[in-house]
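When you line the sequence shown up against the numbering used here, it's residues 7 to 271, in that order.
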Amino acid sequence: MKRYDGILLCSDFDLTLTSDTYKYRDGDDFFAPIPKNNIAAVNEFVARGGTFAVVSGRNPDEIALLRDVMPIADLCVCSNGTAVYSISEKRPVVSFTMGRECEKVIEYFSGFADEYSYLRVTDGDFRFNFYRRGDDVKEFLKQPKFPVYKMIIEHADKALGEKHYDAASRLFGGEFSVEMSSWRTLEVCPEGSGKGEALKRMLPILGKTFDKVVCVGDNQNDIGMIKLADVGYAVGNAIPALKAAATRVTVNSGEGAIAKIIEEL
7 MKRYDGILLC SDFDLTLTSD TYKYRDGDDF FAPIPKNNIA AVNEFVARGG TFAVVSGRNP
67 DEIALLRDVM PIADLCVCSN GTAVYSISEK RPVVSFTMGR ECEKVIEYFS GFADEYSYLR
127 VTDGDFRFNF YRRGDDVKEF LKQPKFPVYK MIIEHADKAL GEKHYDAASR LFGGEFSVEM
187 SSWRTLEVCP EGSGKGEALK RMLPILGKTF DKVVCVGDNQ NDIGMIKLAD VGYAVGNAIP
247 ALKAAATRVT VNSGEGAIAK IIEEL
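As structure tokens, then:
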């Protein structure tokens, strides 16, 4: 028996698997670098029997890029828990989507376009559709392929992000899932979706039985999967609410939190 047989390790991507810094260009973020010790540790973890899965807000094509550097599971949770996606088959196997009812959210936030960098819709083909200040909202609503997976509002100012989170929770919280995935990113998704629920759907179809499920995250949208896990880890740079929900708190993501966790397993 190998050391990590029967262990499923599920990691958020940004600010968990990656370092705790972002790079910016015109309000858009690139991937932060992945610490080298994380890459080495995941390769060893899988070679010694473990299964490493990504549970992220990222699009499936972005998650698939990880296969160039580490052995991730074919199934991933993507787009903030609105889909379980097969990378090899290039299709979702579980989907949580929204129809035209989400237009009211877009129309509401179009009135505050000077307070955020952009509003983005991830549509039914996992394409990004961007709404920015000055755009015609009626024309914008013709772009996405419905049903859609999620909407995000990206902020450069933390206070405005909090303001819009409070407004979205108050106005739309009973009909949609409203979460923050970082201090600057407000996520509006289908009610009943989320990383925890998507992971719950993914577990029976991974093709293995696991003795232990370990989840790692940093922000509000990771709380669902942290609570689902047998062992839930918060990285050191996680928000207080995530740390409170976790079983354990480890080092900052920039120090190689995933490597540290694997060392402890």
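Backbone N, C-alpha and C fix where the C-beta goes; we use that ideal spot for every residue, glycine too.
Item, Value
"Do you know offhand how far G242's Cα is from K148's?", "42 Å"
"Which runs of the alpha helix (DSSP H) fall wholly inside the segment 121–196 and span at least 4 residues, in chain order?", "143–146 and 164–178"
"How should R254 be labelled, buried or exposed, when 16 other C-beta atoms within 10 angstroms of its C-beta is the threshold for buried?", "exposed"
"Verify whether the separation of the beta carbon atoms of L72 and I264 is less than 8 Å.", "no"
"Between I232 and A252, which are expected to be in contact by the criterion C-beta below 8 Å, what is the C-beta distance as a whole number of angstroms?", "5 Å"
"Opposite L71 in the DSSP bridges: which residues?", "In DSSP, L71 forms no bridge with anything."
"Quick one: is T128 buried, meaning 16 or more other Cβ sit within 10 Å of its Cβ, or exposed?", "buried"
"At what residues does the beta strand (DSSP E) containing S17 begin and finish?", "I13 to S17"
"Could you tell me the distance, in whole angstroms, from the CA atom of V220 to the CA atom of M208?", "14 Å"
"Out of E270, C84, L192 and D26, which has the shortest C-alpha to C-alpha gap to H161?", "L192"
"On the CB-based measure, 16 or more other CB atoms within 10 Å of its CB, does D67 come out buried or exposed?", "exposed"
"Starting from the Cα of T103, find the closest Cα among G117, C195 and H170 and give me that residue.", "C195"
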